[in-house]
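Chemist: Have a look at this one.
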Amino acid sequence: MASRRRFLSSGIGSLALASMLRDDGLLADDSFQAPHFAPKAKRCIYLFMEGGPSQMDLFDPKPKLNEMDGQAMPESLLEGVKFAFTEKETARLLGSPRTFKKYGQCGMDMSDLLPHLSDHADDIALIRSMYCDQFNHLPGQLLMLTGTPFRGAPTLGSWLNYGLGSSSKDLPGYVAMTTLGRGLPGGAASWSSGFLPSNYSGALFRNEGSPVLNLANPDKISPEMQRRTIEAVNDLNRQRFSETANPEIASRIKNYELAYRMQSAAPELIDLSDETEATKEAYGLNREDKTGFQASYARNCLLARRLVERGTRFVTLFLSTWDQHSKLDSELAKNAKISDQPVAALLQDLKDRGLLDETLVVWGGEFGRTPLGENRSGFKTVTGRDHHPYSFSMWMAGGGIKGGQTLGSTDEIGWGVEKDPVHIHDLHATILHLFGFDHEELTYRFQGRDFRLTDVHGKVVKKLLA
Amino acid sequence: MYTETLPLTFSPKMKAGHLIAKAILMIGLITPVIADDHWAYQPIQNPTPPASGSQNPIDAFVLAKLKEANFKPSPEAPPHILLRRAHLDLTGLPPTPEEMTAFQKAWKTDPQSAWADKVDALLGSPHFGEQWAKHWLDIARYAESDGYLGDTLRHWAWIYRDWVINSINSDQPFDQFSIEQLAGDLLPNASQSQKIATGFHRNNLKNTEAGLDKELARTKQVVDRAATTGNAWLGLTMACAECHDHKHDAISHEEFFQFYAFFNNTKDSDISVKLDKEWPITTIEKKKDEKEPSKPTPKAQALSILPEKEWRKTHVHIRGDYTRHGEEVTPGVPAAMHPLTIAEGEPPRLALARWLFADDNPLTPRVTVNQIWQKLFGTGIVATPDDFGTHGARPSHPLLLDWLASSFRDSGWSRKKLIREIVMSDTYRQSSTNTYPDRPNDLLWRQNSVRVNAETVRDIHLVASGLFTPTVGGPSVHPPLPSFVSDVGRSVKWPESKGPNRYRRGMYIFLKRTVLYPMLTAFDAPDTSSSCSRREVTNTPMQALTLLNDPVFFECADALGKELYRKHGDDADAAITDTFQRCLNRDPNPGELATLSSAHYDLLDESKNPELAMIATTRVIMNLNEFITRD
Chain A
3 MASRRRFLSS GIGSLALASM LRDDGLLADD SFQAPHFAPK AKRCIYLFME GGPSQMDLFD
63 PKPKLNEMDG QAMPESLLEG VKFAFTEKET ARLLGSPRTF KKYGQCGMDM SDLLPHLSDH
123 ADDIALIRSM YCDQFNHLPG QLLMLTGTPF RGAPTLGSWL NYGLGSSSKD LPGYVAMTTL
183 GRGLPGGAAS WSSGFLPSNY SGALFRNEGS PVLNLANPDK ISPEMQRRTI EAVNDLNRQR
243 FSETANPEIA SRIKNYELAY RMQSAAPELI DLSDETEATK EAYGLNREDK TGFQASYARN
303 CLLARRLVER GTRFVTLFLS TWDQHSKLDS ELAKNAKISD QPVAALLQDL KDRGLLDETL
363 VVWGGEFGRT PLGENRSGFK TVTGRDHHPY SFSMWMAGGG IKGGQTLGST DEIGWGVEKD
423 PVHIHDLHAT ILHLFGFDHE ELTYRFQGRD FRLTDVHGKV VKKLLA
Chain B
7 MYTETLPLTF SPKMKAGHLI AKAILMIGLI TPVIADDHWA YQPIQNPTPP ASGSQNPIDA
67 FVLAKLKEAN FKPSPEAPPH ILLRRAHLDL TGLPPTPEEM TAFQKAWKTD PQSAWADKVD
127 ALLGSPHFGE QWAKHWLDIA RYAESDGYLG DTLRHWAWIY RDWVINSINS DQPFDQFSIE
187 QLAGDLLPNA SQSQKIATGF HRNNLKNTEA GLDKELARTK QVVDRAATTG NAWLGLTMAC
247 AECHDHKHDA ISHEEFFQFY AFFNNTKDSD ISVKLDKEWP ITTIEKKKDE KEPSKPTPKA
307 QALSILPEKE WRKTHVHIRG DYTRHGEEVT PGVPAAMHPL TIAEGEPPRL ALARWLFADD
367 NPLTPRVTVN QIWQKLFGTG IVATPDDFGT HGARPSHPLL LDWLASSFRD SGWSRKKLIR
427 EIVMSDTYRQ SSTNTYPDRP NDLLWRQNSV RVNAETVRDI HLVASGLFTP TVGGPSVHPP
487 LPSFVSDVGR SVKWPESKGP NRYRRGMYIF LKRTVLYPML TAFDAPDTSS SCSRREVTNT
547 PMQALTLLND PVFFECADAL GKELYRKHGD DADAAITDTF QRCLNRDPNP GELATLSSAH
607 YDLLDESKNP ELAMIATTRV IMNLNEFITR D
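Those protein sequences? They're chains A and B, same order as listed.
The C-terminal residue of the first sequence carries number 468 in this note's numbering, and the numbering is unbroken.
The C-terminal residue of the second sequence carries number 637 in this note's numbering, and the numbering is unbroken.
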C-alpha cells in the first residue's frame with residue numbers, strides 16, 4: 003500500500019493518464035483506485051440546498067415548540083451558544099405555522115410544503131439528527147462538501163471520481179449546476195478538486211445555451227471544419243510523437259478525441275426533444291414564475307437524470323438560498339415550490355428507469371435553523387430563524403439506502419439531537435461506504451500527509467444501509 | 007495508515023466554534039518528521055565536483071552519476087530549441103522570429119558566446135522578474151480577495167506582487183528578499199519598500215463572515231503564517247502533518263507553538279504608499295450599488311508588530327483547541343534544528359527571519375535551490391519541494407544539491423547567478439528527446455519536455471498572435487469572462503477590461519478566489535488556498551476544448567491568420583512556414599508541411615473563404631502539443 007501511495011503522490015501525470023486509459027479500456031483496471039468492496043451506489047445526485055433549510059417547517063414537527071411560541075428558551079440550552087445574528091438575551095421561541103401529516107406506509111412526517119415529495123416517503127431515509135460544528139455559511143458548506151471547513155480540500159464528487167473514475171466516455175464525470183438567488187458563498191470551491199488533480203474538478207454547466215464552457219465551436223468554424231482541424235492536430239501530434247516520444251503527446255491526442263466526442267454528446271444531453279411531454283410536465287419544466295427559478299430547477303433535475311443515465315458519476319444541483327433570517331413563511335414556501343415537484347419527479351423517473359437502485363440521491367443544506375425567532379438588531383418584527391448547526395434534517399434515497407425510515411430525533415423544541423446523532427463526517431463515511439469505499443482507506447497524499455474526506459473522523463451509519 | 011482516530015468527542019450541544027477550533031488546530035499539532043540522521047538536516051557539504059570529464063561542476067556531478075549507471079547524456083539540443091527553452095524558462099515568453107534569426111546567426115559564429123550573451127540578455131529582461139515572481143507568488147499563496155463568503159477584494163494586493171517582480175529583476179539577494187517579507191517592518195528605519203514586502207503574510211485567506219469567532223479566525227491565520235513559513239523556506243510539511251502520526255523524531259506539540267509564537271504578536275496594518283506612477287482607477291471594481299468609486303489612496307497590505315502593552319502570551323493549545331491553554335511558550339525553533347539566539351532587544355520575528363540564513367542552516371539553501379532547479383528541469387533534485395521530511399522524496403543528486411546550495415549561499419544569495427550557472431551547463435542544454443522511453447530520467451540523461459504553466463499557455467498565444475501587451479506591473483486586469491462564471495460568487499461584478507489591458511500576461515489576471523479564471527484553472531493554476539511550491543500537470547479534454555474554442559485563443563488565431571493572409575495571400579505553404587516560425591520557432595518538416603497543406607486545402611474547400619481557411623490553419627498549429635510545450 004505504501005509503495006502504491008508513493009507512486010500516486012509522485013506521479014500525478016501518470017495517475018491521470020492511467021485513469022484516462024482505464025476509462026477507455028486501454029489499460030487493465032489494476033484496482034489501485036477501485037472500490038474496496040462491491041458498491042451499492044454507482045452515481046450520485048446531490049441536491050444541495052444552500053443556506054440552511056428550516057427543518058421544523060419541513061421534516062421535524064415540534065408541537066411543543068408551537069405551544070411555547072413567544073416564550074423564552076430554557077436558560078440551560080442557551081449556555082455557551084453563539085449565533086450569527088440573534089441577540090440571545092431577548093430571543094423568543096418561534097412556532098411553526100405549517101401543518102404536518104404522516105405519509106407512506108412508514109408514516110413519515112412531512113409538512114404541507116412538500117405535497118409531492120411526500121408521495122416518496124417509503125423511498126427515502128430521513129435523518130432528523132444531523133449536526134455539525136459550523137454556524138456560518140461558507141465553513142458549513144465547505145464542511146458538507148469537502149469534509150473540512152477550510153478552503154483547499156476536494157469536494158465529495160472529486161473524491162468519488164478519483165476513486166472510481168468517470169464512467170462516461172464523452173461527458174464530464176462530475177457536473178455542477180446552479181439555480182442561484184444570491185450566489186454561492188464558496189463560488190468555484192463548491193465543486194473544486196482542491197488538492198486532487200484538476201481533472202477531478204466538477205464542470206460547471208450553465209443554465210442556458212451550450213452547457214460547458216468552450217464547448218461550442220467559434221462562430222466562424224463549422225462542425226466539418228472542427229472535425230478536419232482536430233484530425234490535422236492529431237495527425238501532426240502523432241508525427242511529433244514519433245520524433246520525440248514525449249508521452250504527454252499521446253495523452254494530448256486522446257484528449258482531443260475525447261473533447262470532440264464531448265462536443266457532440268453535450269448538445270445531445272441538453273436537447274430535451276426526446277423527452278415526452280408527460281415527463282416534462284412531471285418535472286414542471288413548463289412552470290412559469292417571475293424569476294424563472296421554477297423552470298430552471300426543473301430542467302436541472304431532468305438534466306441530472308440524463309447525466310447519470312449517460313454515465314456521469316456525480317451531479318450537484320445547487321439551489322440558493324434557503325437562508326431565511328426573515329420572511330421565513332413566504333420564502334420557504336417559495337423554495338419548496340421551486341424544488342418539491344422536480345425533486346419528487348426525479349425520484350419517480352429514476353425509479354421508473356431502474357436507475358434509482360444504483361443512484362444515490364442526497365437532499366440537504368449545510369445546517370438547519372433555530373427554533374428561536376431571529377431578533378437581530380434592526381429587525382422590526384421577528385419573521386425568520388437564524389443558523390442552527392446543533393440539529394437539522396437531511397434525506398437520502400436510492401443507491402443502497404434503506405428507504406421508508408426516519409433516523410434519529412431531536413428534543414421537544416428541536417434544539418439538540420436526542421437520538422442517533424449523525425455528524426457530517428458520519429454522513430460522508432456512509433456515502434463512501436455505499437460507493438464501496440472504506441472511508442479510512444481512500445486517501446491522497448498532499449504536502450506530506452495522506453488526506454481523506456473524513457479527516458480523522460466518521461463512522462458508517464449502519465441503520466441507513468439497505 | 008498515517009492517520010488515526012483522535013480522542014475527540016462531538017456533542018450537538020458543544021459550544022459553537024469550539025469544535026472547529028479543535029479541528030483546525032489539530033493542524034497546529036505539528037509533527038514534521040526530523041530523524042536525527044535524516045539527510046535534509048545534515049550540514050551542507052561543500053563537495054568537490056568529481057573528475058568525470060567536465061569542467062562545469064553541475065555537469066561533473068550529473069556525469070558521475072550517469073557513468074555509475076552506465077548511461078550517456080543526450081547531445082545538445084539544436085539552437086532553435088535552446089532559444090525557445092531559455093525564453094520560456096527565463097521569461098515565460100517565446101522568442102519572436104526576428105530574435106530567432108539573430109540568435110541563429112550569432113550561433114553560427116560562436117555558439118558558446120551566442121548562448122552566454124542570450125542568457126545574460128534574458129536575465130536582464132524585465133520579463134524575467136515576472137516569470138520568476140509568478141513562481142514565488144504560488145508559494146506566497148498570492149491572491150486578490152479574502153476567499154470566504156463575500157470574498158472581499160484586495161484592490162492593492164498588486165503592490166506586493168510588483169515588489170516581488172522588482173526585487174527579482176534587481177536580483178535582490180535572496181536572504182534580504184526573505185527577511186524583508188517576514189520582518190521588513192521590524193528592520194531599523196524600515197523603508198516603504200521593506201514594509202510592502204511584509205505583504206507576503208497578508209496573502210492568506212481571511213474569513214470575515216458575520217457571527218464569526220474572531221479569535222478563532224485570527225488563530226487560523228497565525229497557523230497559516232507559521233505553516234507557510236515552514237513550507238516556503240524549510241520544506242516542512244507543517245500545515246498538514248497529523249498530530250499523533252509520527253510519535254518519534256517529531257517536533258513536539260510545544261515546539262510548534264513556540265514557532266507559532268513568532269507570528270502571534272503581529273498586526274495587519276494597511277499603509278498608505280506613494281507609487282512611482284499614478285495608475286488609472288478604472289480597474290477598481292465597483293460595488294453593486296456604488297455609483298463612482300472615489301479616487302483611492304494606494305494602501306499596501308503590510309504587517310506590523312502590536313504595541314507592547316497589547317502583546318499576547320502564547321500558550322500551547324491543548325489538543326489544538328485554542329480555548330484550552332496549556333503551558334505558556336516563548337518564540338523558539340525546534341530543538342532538532344540549528345540553534346536560534348535572540349539578541350537583547352531584537353524582535354523575535356526578525357530573529358527568526360535572520361536565523362533562516364544562518365551559516366549552520368542546511369534547509370533554506372537546499373530548499374531554495376531545489377525550487378529553482380525544479381523550474382528549469384520540470385522536476386526538482388528532491389521531487390517533493392514542499393516536503394524535505396522523511397516522508398518526502400530523497401534527492402536524486404545529493405552532492406549536486408549541496409554544491410548548488412553552498413555556492414548559492416557563498417555567492418551572496420544571488421538567484422540570477424544560480425540560474426545562470428544552471429542554464430549554462432550542458433545538462434540543461436541537453437536534448438529532451440525521449441530516446442529511451444522506458445528509461446526514467448531521474449539521472450538526467452536528457453532534459454525534460456515540460457508543458458508550460460497556465461499563465462504561459464495564455465502568454466504564448468498572445469505573443470505569437472501579435473496581440474500581446476507587454477506592460478510590466480500595475481493593477482490587475484479583467485479579460486472577458488462569461489457571466490455565468492463571473493457571477494457565481496456572492497461578490498461584486500467582473501468589470502471587463504478594454505483595449506490593450508485585455509492582452510496582458512496571464513499573471514496579471516485579477517485573482518479572485520471565488521472566481522478563478524477558468525482557463526488558468528484548466529491548466530492547473532493553484533487555487534491559492536495554501537502555499538504551493540509544485541503545480542500539478544494534468545492533461546485533460548477540458549484543456550483541448552479550451553485551446554480549441556476559448557474566445558481569447560480563437561481571437562489569437564483570428565488575428566494571426568488574418569495577418570498571414572494579408573502577407574502571403576494564396577501562398578499557403580509560405581503562410582504555414584511563417585506560422586510555424588512564429589508559433590513553434592522552427593520550420594515545418596516536409597511531412598508536417600504536407601499535412602498542413604492538405605488540411606488547408608480542405609478547410610478552404612469547406613469554408614470557401616481563403617482568409618478564414620488561413621485562420622483555421624493557424625488554429626491547427628496553435629493547438630499542437632508542441633505549442634504549449636517547452637522541449
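The C-beta atom is built at its ideal place from N, Cα and C for all residues, glycine as well.
1. For chain A, find out if any of its Cβ atoms is closer than 8 Å to the Cβ of Gly-639/B; answer yes or no.
2. By the 8 Å beta-carbon criterion, what residues does the region 178 to 200 of chain A contribute toward chain B?
3. Do we get a CB-CB distance below 8 Å when we pair Val-491/B with the residues of chain A?
4. For Ala-247/A, go through chain B and note every residue whose CB falls closer than 9 Å to its CB, in chain order.
5. Give me whichever residues DSSP pairs with Gly-153/B in a beta bridge.
6. List the endpoints of the continuous beta strand (DSSP E) containing Val-419/A.
7. Quick one: is Leu-436/A buried, meaning 16 or more other Cβ sit within 10 Å of its Cβ, or exposed?
8. With 8 Å set as the bound, which would you pick, yes or no: does the beta-carbon of Gly-34/B sit closer than that to a beta-carbon of chain A?
9. Any C-beta of chain B sitting closer than 8 Å to the C-beta of Gln-241/A?
10. Restricting to runs no shorter than 3 residues, where is the beta strand (DSSP E) found entirely within the region 269 to 342 of chain A?
11. So does the region 85 to 100 of chain B actually touch the region 130 to 149 of chain B, counting three or more Cβ pairs closer than 8 Å?
12. Just to confirm my understanding: we take Phe-453/A, look at its own chain, exclude 5 residues before and 5 after, and list those with CB closer than 6 Å. What are they?
13. Pull up the distance between the alpha-carbon of Gly-142/A and that of Thr-148/A, whole angstroms please.
14. Is Trp-365/A helix, strand or coil when you go by DSSP?
15. Just to confirm before moving on: does the CB-CB distance between Thr-527/B and Ser-200/A stay below 8 Å?
16. Which whole-angstrom value describes the C-beta separation of Ala-622/B and Thr-231/A, a residue pair presumed to lie in contact below a C-beta threshold of 8 Å?
17. DSSP puts Met-264/A in a beta bridge; with which residues?
18. Would the beta-carbon of Ala-346/A fall within 8 Å of that of Asp-124/A?
19. So is Asp-237/A in contact with chain B if we call contact Cβ pairs under 8 Å?
20. Decide if the region 166 to 173 of chain A is in contact with the region 127 to 144 of chain A; the criterion is three or more beta carbon pairs, one per stretch, under 8 Å apart.
21. Assuming Trp-285/B and Gly-480/B form a contact by the criterion Cβ under 8 Å, report the distance between their Cβ atoms to the nearest whole angstrom.
22. Taking CB distances under 8 Å as the criterion, tell me whether Thr-318/A reaches chain B.
23. Anything in chain A within Cβ reach of Ala-622/B, meaning under 7 Å, just list it in chain order.
24. Could you check how far apart the C-beta atoms of Gly-196/A and Pro-156/A are, in whole angstroms? I think they sit under 8 Å.
25. Judging by CA-CA distance, which residue of Leu-217/A, Pro-249/A and Glu-259/A is the nearest neighbour of Val-235/A?
26. I'd like to check one pair, Leu-517/B with Tyr-148/B: are the Cβ atoms closer than 8 Å?
27. Quick one: residues in its chain with C-beta nearer than 8 Å to the C-beta of Trp-45/B, no 5 flanking neighbours on either side, listed in chain order?
28. Identify whether Leu-407/B lies in helix, strand or coil by the three-state DSSP scheme.
29. Asp-255/B CB to nearest chain A CB: under 8 Å?
30. By the three-class DSSP mapping on this structure, what secondary structure does Ser-411/A have?
31. Roughly how many angstroms separate the alpha carbons of Glu-6/B and Leu-309/B, rounded to a whole number?
32. Say whether chain B places a C-beta atom closer than 8 Å to the C-beta of Asn-219/A.
33. Which ranges would you report for the beta strand (DSSP E) in the region 501 to 572 of chain B if only whole runs of at least 3 residues count?
34. Would you check if the distance between the CB atom of Thr-318/A and the CB atom of Ala-178/A is smaller than 8 Å?
35. For Asn-639/B and Ser-258/B, I'd like the C-alpha separation in whole angstroms.
36. Which of the three DSSP states, helix, strand or coil, is assigned to Ser-482/B?
Modeler: Taking the coordinates as given:
1. Within the shown structure, residues of chain B are numbered from 7 to 637, placing residue 639/B beyond reach of any answer.
2. Thr-180, Leu-182, Arg-184, Gly-185, Leu-186, Pro-187, Gly-188, Gly-189, Ala-190, Ala-191, Ser-194, Gly-196, Pro-199 and Ser-200
3. Here the question's residue 491/B lines up with position 485 in the second sequence. So yes, Val-491/B belongs to the interface.
4. Walking along the first sequence from the start, residue 247/A turns up at place 245. Thr-439, Asn-440, Thr-441, Tyr-442 and Pro-443, listed in chain order.
5. As a working mapping, residue 153/B is identified with position 147 in the second sequence. Lys-212/B, per the DSSP bridge assignment.
6. The residue given as residue 419/A occupies position 417 in the first sequence. Its beta strand (DSSP E) spans residues 419 to 421.
7. Residue numbering aside, residue 436/A sits at position 434 when the first sequence is read from its first letter. Buried is the call here.
8. Counted from its first residue, the second sequence places residue 34/B at position 28. Summary for Gly-34/B: the model assigns pLDDT 36, below 50, so the residue's position carries little reliability; its value from the coordinates is reported in the next sentence. Closer than 8 Å: no.
9. Working through the first sequence from its first residue, we reach residue 241/A at position 239. So, interface residue.
10. 316 to 322
11. yes
12. As a position in the first sequence, residue 453/A is number 451, starting the count at 1. Counting only Cβ-Cβ distances below 6 Å, and skipping sequence neighbours, we find Tyr-446.
13. Looking up residue 142/A in the first sequence gives position 140. Looking up residue 148/A in the first sequence gives position 146. Computed Cα separation, rounded: 10 Å.
14. Residue numbering aside, residue 365/A sits at position 363 when the first sequence is read from its first letter. In the structure shown, Trp-365/A sits in a strand (DSSP, three-state: E or B).
15. The residue you call residue 527/B lines up with position 521 of the second sequence. The residue you call residue 200/A lines up with position 198 of the first sequence. Yes. Within cutoff.
16. The residue given as residue 622/B occupies position 616 in the second sequence. The residue given as residue 231/A occupies position 229 in the first sequence. About 6 Å; that satisfies the 8 Å criterion.
17. Against the first sequence, residue 264/A aligns to sequence position 262. Met-264/A pairs with nothing; no bridge assigned.
18. Translated into the one-based positions of the first sequence, residue 346/A becomes position 344. Translated into the one-based positions of the first sequence, residue 124/A becomes position 122. Against a cut-off of 8 Å, the Cβ pair of Asp-124/A and Ala-346/A comes out as no contact.
19. Here the question's residue 237/A lines up with position 235 in the first sequence. Output row for Asp-237/A: interface = yes.
20. no
21. Reading the second sequence from its first residue, position 279 is the one you call residue 285/B. Reading the second sequence from its first residue, position 474 is the one you call residue 480/B. Trp-285/B to Gly-480/B, Cβ: 5 Å. Contact.
22. In the first sequence, residue 318/A corresponds to position 316, counting from 1. No - not a single Cβ of chain B is within 8 Å of the one on Thr-318/A.
23. Here residue 622/B is taken as the residue at index 616 of the second sequence, counted from 1. Correct list: Ile-223, Met-227 and Thr-231.
24. The residue you call residue 196/A lines up with position 194 of the first sequence. The residue you call residue 156/A lines up with position 154 of the first sequence. Contact flag correct, Cβ pair sits at about 4 Å.
25. In the first sequence, the residue the question calls residue 235/A occupies position 233. Taking only the C-alpha atoms, the option nearest Val-235/A is Glu-259/A.
26. Residue numbering aside, residue 148/B sits at position 142 when the second sequence is read from its first letter. Residue numbering aside, residue 517/B sits at position 511 when the second sequence is read from its first letter. Their beta carbons are under 8 Å apart, which means Tyr-148/B touches Leu-517/B by this criterion.
27. Looking up residue 45/B in the second sequence gives position 39. Counting only Cβ-Cβ distances below 8 Å, and skipping sequence neighbours, we find Arg-400, Pro-401 and Pro-404.
28. Position 401 of the second sequence, counted from the start, is the residue given in the question as residue 407/B. Residue state, collapsed to three classes: helix.
29. Reading the second sequence from its first residue, position 249 is the one you call residue 255/B. Its pLDDT being 37, under 50, Asp-255/B is placed unreliably in this model, and the coordinates cannot settle the point.
30. Numbered from its first residue, the first sequence carries residue 411/A at position 409. Here Ser-411/A sits in strand by DSSP.
31. A question about residue 6/B goes unanswered here, because the residues of chain B that appear run from 7 up to 637.
32. Your numbering for residue 219/A matches position 217 in the first sequence. It does; some Cβ of chain B falls within 8 Å.
33. none
34. The sequence position of residue 318/A within the first sequence is 316, counting from 1. The sequence position of residue 178/A within the first sequence is 176, counting from 1. Taking 8 Å as the Cβ cut-off, Thr-318/A and Ala-178/A qualify as a contacting pair.
35. The structure shown has nothing for residue 639/B, since chain B only spans 7 to 637.
36. Sequence index remark: in the second sequence, residue 482/B carries index 476 (1-based). Ser-482/B falls in the coil class under three-state DSSP.
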